[in-house]
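Peer 1: When the letters of the sequence shown are read in order and numbered with the working numbering, they come out as residues 8 to 459.
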Amino acid sequence: MATDTAYTLAPDCTELAHLPGEFGWPLLGITPELLRDQLGLARRFYRQYGPVSRIQMARQRGVLALGPDHAQTILLDKDQNFSAKMGYQWSLTPFFGDHYLLGNDFDEHKFQRRIMQTGFKTAAMRGYVELMNPILEQGMAQWDQLPEFRFFPRIKELLLAMALKVFYGVDGGSAVAGELSRAFTDITEGMLGLFHVDLPGFRFRRGQRGKRLIEAYLSDLLPAARQEERRDMLAYMAKETRPDGELFSDRELLDHANFLLFAAHDTTTSTLTHMMYYLARYPEWQQRIREEGRAVNASGPLGYDDLPALPLLEAAFFESQRLHPSVGVMARRTIRDCKLGDVDILANTLVFQFPMFTNRMEEYWRDPDSFDPDRFLPPRQEQKGHPFAFMPFGGGAHKCIGMHFGNMQARLFSHLFLQRYEISLPPGHRASFQSVPLPKLRDDLPLRLRRL
Numbered sequence: 008m009a010t011d012t013a014y015t016l017a018p019d020c021t022e023l024a025h026l027p028g029e030f031g032w033p034l035l036g037i038t039p040e041l042l043r044d045q046l047g048l049a050r051r052f053y054r055q056y057g058p059v060s061r062i063q064m065a066r067q068r069g070v071l072a073l074g075p076d077h078a079q080t081i082l083l084d085k086d087q088n089f090s091a092k093m094g095y096q097w098s099l100t101p102f103f104g105d106h107y108l109l110g111n112d113f114d115e116h117k118f119q120r121r122i123m124q125t126g127f128k129t130a131a132m133r134g135y136v137e138l139m140n141p142i143l144e145q146g147m148a149q150w151d152q153l154p155e156f157r158f159f160p161r162i163k164e165l166l167l168a169m170a171l172k173v174f175y176g177v178d179g180g181s182a183v184a185g186e187l188s189r190a191f192t193d194i195t196e197g198m199l200g201l202f203h204v205d206l207p208g209f210r211f212r213r214g215q216r217g218k219r220l221i222e223a224y225l226s227d228l229l230p231a232a233r234q235e236e237r238r239d240m241l242a243y244m245a246k247e248t249r250p251d252g253e254l255f256s257d258r259e260l261l262d263h264a265n266f267l268l269f270a271a272h273d274t275t276t277s278t279l280t281h282m283m284y285y286l287a288r289y290p291e292w293q294q295r296i297r298e299e300g301r302a303v304n305a306s307g308p309l310g311y312d313d314l315p316a317l318p319l320l321e322a323a324f325f326e327s328q329r330l331h332p333s334v335g336v337m338a339r340r341t342i343r344d345c346k347l348g349d350v351d352i353l354a355n356t357l358v359f360q361f362p363m364f365t366n367r368m369e370e371y372w373r374d375p376d377s378f379d380p381d382r383f384l385p386p387r388q389e390q391k392g393h394p395f396a397f398m399p400f401g402g403g404a405h406k407c408i409g410m411h412f413g414n415m416q417a418r419l420f421s422h423l424f425l426q427r428y429e430i431s432l433p434p435g436h437r438a439s440f441q442s443v444p445l446p447k448l449r450d451d452l453p454l455r456l457r458r459l
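Spelled out as structure tokens, the structure:
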């Protein structure tokens with residue numbers, strides 16, 4: 008068991024010559040192929056080198072572990088040997104600080120997770136629905152009047168405005184939401200920087216600029232959250248205490264608030280963008296979901312207790328996540344020497360997983376590259392073929408604390424959107440998908456809207 012933090016001081020192990028695989032180009036590694044076709048890359052490595060191989064992404068060398076068996080070993084981590092903190096030390100920590108949930112391991116992770124727990128309980132979630140629906144209705148009301156409608160930037164700003172209200176108790180008008188949305192775009196671009204240099208001309212600089220803007224905005228909100236009796240997420244977080252009874256520090260709250268705001272809108276933005284692409288491409292599914300929604304509430308928004316009555320909508324949401332998971336790469340680093348299957352892995356070795364590969368393995372999914380939400384419904388329920396064949400929110404101790412919120416957020420939006428509009432793709436539209444740094448369609452998904 009991990010009992011101290013000495014492992015955080017060790018450099019990454021790059022002794023990987025005993026493993027099959029390839030590193031690719033100097034400095035870049037296999038990054039060009041990853042950006043072009045992540046699924047194709049994973050399938051090629053699996054075919055040529057097996058489920059465990061050596062790989063280099065950008066400047067990081069490590070192990071690519073493919074398939075649900077390895078995902079189960081790594082994410083459940085029964086021996087506390089896989090550090091999320093060190094897995095994301097290079098990619099995420101520079102933009103979200105030392106205290107966000109993926110930046111902590113074991114007991115400290117449990118302590119930090121306490122900050123958010125109250126805000127995701129059922130009573131709080133019920134209150135969020137009342138805040139979210141009016142923002143959603145107003146935000147999409149005039150979308151069909153826009154001369155050129157692209158779904159991705161519109162849903163990104165709408166979900167960010169909603170997150171500002173629900174999480175931080177402020178009205179995120181278009182100017183505020185737009186500014187913060189651009190700041191998060193800067194952060195995602197900064198994650199692609201090969202060199203962590205905070206100087207003009209470097210992508211990393213752009214990401215740091217976005218981080219500073221968001222932290223300055225959130226810092227102004229903290230005093231009122233500490234003092235006022237409110238029911239938004241920041242107020243819950245600001246009044247939560249560590250096991251010793253002390254309040255969490257401003258620095259801890261800022262790191263959590265920054266990452267929460269990023270995750271709460273960017274991951275759902277990604278899933279909804281893919282979901283609306285497929286519903287526009289397959290109008291029969293769009294109509295099935297619309298009719299299901301009409302049977303629950305044909306003239307208005309959903310309530311919290313309506314959500315279980317929408318199995319088709321949830322199945323389409325899960326199928327979109329299966330085909331295009333919002334987290335393209337999961338990372339950990341070993342603390343001690345260990346094995347993945349029968350392969351020896353040394354201490355301090357980075358280990359990467361590609362959920363998209365597991366989500367499309369023929370061993371678990373029928374016709375895995377097709378959009379088929381029925382696979383999640385009885386009698387098929389293909390997601391039950393292996394406990395880690397489908398892991399849209401991760402697993403183990405670091406399983407996404409906001410998974411129910413994200414699911415709820417997506418269903419509330421989709422119901423209103425599909426009751427208001429019929430959606431279709433422009434003639435001749437050809438989809439091109441990216442998976443890094445944020446999964447989405449490269450053209451931001453142009454849609455034609457017809458008001459119903």
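Just so it is clear, CB atoms sit at the ideal spot from N, CA and C, and this is done for glycine as well.
Quick one: any contact between the stretch 11-23 and the stretch 337-357, if contact means 3 or more CB pairs under 8 Å?
Peer 2: Segments in contact, yes.
Peer 1: State the CB to CB distance for the pair Phe103 and Asp262, rounded to an integer number of angstroms; the pair is presumed to be in contact (CB under 8 Å).
Peer 2: Within the sequence shown, numbered from 1, the residue matching residue 103 stands at position 96. Within the sequence shown, numbered from 1, the residue matching residue 262 stands at position 255. Confirmed, Cβ separation roughly 6 Å.
Peer 1: List the residues that DSSP assigns as beta-bridge partners of Gly28.
Peer 2: Within the sequence shown, the letter at position 21 stands for residue 28. Gly28 pairs with Arg61.
Peer 1: Which complete alpha helix (DSSP H) runs does the stretch 211-285 hold, if anything under 4 residues is left out?
Peer 2: With a minimum length of 4 residues, the continuous alpha helix (DSSP H) runs that stay inside the stretch 211-285 are 240-246.
Peer 1: Determine whether the beta carbon atoms of Gly176 and Arg121 lie at a separation below 8 Å.
Peer 2: As a first step, residue 176 must be located in the sequence shown, where it is residue number 169. As a first step, residue 121 must be located in the sequence shown, where it is residue number 114. Contact flag unset, no.
Peer 1: For Leu166, which of Phe269, Glu247, Asn366 and Tyr285 has the nearest alpha-carbon?
Peer 2: Numbered from its first residue, the sequence shown carries residue 166 at position 159. Nearest of Phe269, Glu247, Asn366 and Tyr285 to Leu166, Cα basis: Phe269.
Peer 1: Kindly indicate which three-state DSSP category Asp450 falls into: helix, strand or coil?
Peer 2: Looking up residue 450 in the sequence shown gives position 443. Here Asp450 sits in coil by DSSP.
Peer 1: Would you tell me roughly how many angstroms separate the C-alpha atoms of Met147 and Leu425, rounded to the nearest one?
Peer 2: The residue you call residue 147 lines up with position 140 of the sequence shown. The residue you call residue 425 lines up with position 418 of the sequence shown. Met147 and Leu425: Cα-Cα distance of roughly 11 Å.
Peer 1: Got a sec? Which residues, its chain only, sit under 6 Å from Leu48 by beta carbon, not counting five neighbours each side?
Peer 2: Position 41 of the sequence shown, counting from 1, holds the residue named residue 48. Within the same chain, Leu48 has close Cβ partners Glu40 and Leu41.
Peer 1: So, are the CB atoms of Leu26 and Val350 less than 8 Å apart?
Peer 2: Counting from 1 along the sequence shown, the entry for residue 26 is found at position 19. Counting from 1 along the sequence shown, the entry for residue 350 is found at position 343. Going by C-beta atoms, Leu26 is nearer than 8 Å to Val350.
Peer 1: Might you give, ordered along the chain, the residues of its own chain that have their beta carbon closer than 7 Å to the beta carbon of Gln390, omitting 5 neighbours on each side?
Peer 2: Indexing the sequence shown from 1 puts residue 390 at position 383. Hits under 7 Å: Phe383, Ala396 and Phe397.
Peer 1: Is it buried or exposed for Asp450, if we count other Cβ within 10 angstroms and need 16 for buried?
Peer 2: Numbered from 1 along the sequence shown, position 443 holds the residue referred to as residue 450. It is exposed - the Cβ of Asp450 has fewer than 16 other Cβ atoms within 10 Å.
Peer 1: Spatial neighbours of Arg66 within its chain, please: CB distance less than 7 Å, with the 5 preceding and 5 following residues excluded, ordered by chain position.
Peer 2: As a position in the sequence shown, residue 66 is number 59, starting the count at 1. The answer, listed in chain order, is Leu34 and Leu201.
Peer 1: Within the stretch 47-99, note down every full alpha helix (DSSP H) run reaching 4 residues or more, in order along the chain.
Peer 2: For the stretch 47-99, whole alpha helix (DSSP H) runs of length 4 or above, ordered along the chain, are 75-83 and 91-94.
Peer 1: From the DSSP output, which residues share a beta bridge with Leu357?
Peer 2: Along the sequence shown, one-based indexing puts residue 357 at 350. Beta-bridge pairing links Leu357 to Gly69 and Arg340.
Peer 1: For Leu452, collect the residues of the same chain with a Cβ closer than 7 Å to its Cβ; drop the 5 residues on either side in sequence, then sort them by chain order.
Peer 2: Stepping through the sequence shown from its first residue, residue 452 is reached at position 445. Closer than 7 Å at the Cβ level, and outside the excluded window around Leu452, lie Arg157, Phe158, Phe159, Thr280, Met283 and Tyr284.
Peer 1: Under the three-state reduction of DSSP, which class applies to Arg133: helix, strand or coil?
Peer 2: To locate residue 133, count along the sequence shown from 1; it is residue 126. Three-state DSSP puts Arg133 in a helix.
Peer 1: Quick one: what does DSSP say Ser431 is sitting in, helix, strand or coil?
Peer 2: Counted from its first residue, the sequence shown places residue 431 at position 424. In the structure shown, Ser431 sits in a strand (DSSP, three-state: E or B).
Peer 1: In its own chain, which residues sit with a C-beta less than 7 Å from the C-beta of Leu199, not counting the 5 before and 5 after it?
Peer 2: Counting from 1 along the sequence shown, the entry for residue 199 is found at position 192. If we look at Leu199 and ignore the five residues flanking it on each side, its Cβ neighbours are Arg210 and Pro444.
Peer 1: Throw me the rounded Cβ distance for the Tyr311 and Ala131 pair, which I believe falls under 8 Å.
Peer 2: Sequence index remark: in the sequence shown, residue 311 carries index 304 (1-based). Sequence index remark: in the sequence shown, residue 131 carries index 124 (1-based). 11 Å between Cβ atoms; not a contact.
Peer 1: Given a cut-off of 8 Å, decide if Asn366 and Pro332 are closer than it, judged by their beta-carbon atoms.
Peer 2: In the sequence shown, counting from the first residue as 1, residue 332 sits at position 325. In the sequence shown, counting from the first residue as 1, residue 366 sits at position 359. Contact flag set, yes.
Peer 1: Hey, could you find the ends of the beta strand (DSSP E) Asp351 is sitting in?
Peer 2: Counting from one through the sequence shown, the residue named residue 351 turns up at place 344. Asp351 -> beta strand (DSSP E) spans Val350 to Ile352.
Peer 1: Look at the alpha carbon of Ala9 and the alpha carbon of Asp178, and state the distance between them as a whole number of angstroms.
Peer 2: Position 2 of the sequence shown, counting from 1, holds the residue named residue 9. Position 171 of the sequence shown, counting from 1, holds the residue named residue 178. Residue placement at Ala9 cannot be trusted, given a pLDDT of 48 that sits under 50; the coordinates are not used to answer.
Peer 1: Check the C-beta distance from Ala91 over to His405 and give it rounded, since I have them as a contact under 8 Å.
Peer 2: For the purposes of this step, residue 91 is taken as the residue at position 84 of the sequence shown. For the purposes of this step, residue 405 is taken as the residue at position 398 of the sequence shown. The pair is a contact, with the Cβ atoms about 5 Å apart (cut-off 8 Å).
Peer 1: Could you compute how far the alpha carbon of Leu353 sits from the alpha carbon of Gly110?
Peer 2: Taking the first residue of the sequence shown as 1, we reach residue 353 at position 346. Taking the first residue of the sequence shown as 1, we reach residue 110 at position 103. Rounded to whole angstroms, Leu353 to Gly110 spans 22 Å at the Cα level.
Peer 1: Does the stretch 414-425 come close enough to the stretch 124-139 to have 3 or more Cβ pairs within less than 8 Å?
Peer 2: Yes: at least three Cβ pairs fall under 8 Å.
Peer 1: What is the rounded straight-line gap between the Cα of Gly401 and the Cα of Leu82?
Peer 2: Looking up residue 401 in the sequence shown gives position 394. Looking up residue 82 in the sequence shown gives position 75. Approximately 7 Å, taken between the alpha carbons.
Peer 1: Do Phe364 and Val70 have their beta-carbon atoms positioned less than 8 Å apart in this structure?
Peer 2: Working through the sequence shown from its first residue, we reach residue 70 at position 63. Working through the sequence shown from its first residue, we reach residue 364 at position 357. Cβ atoms of Val70 and Phe364: not closer than 8 Å.
Peer 1: With distances taken from CA atoms, which of Ala168, Gln145 and Phe324 is nearest Ala182?
Peer 2: The residue labelled residue 182 in the question sits at position 175 within the sequence shown. Looking at the Cα atoms, Ala168 is the closest of the given residues.
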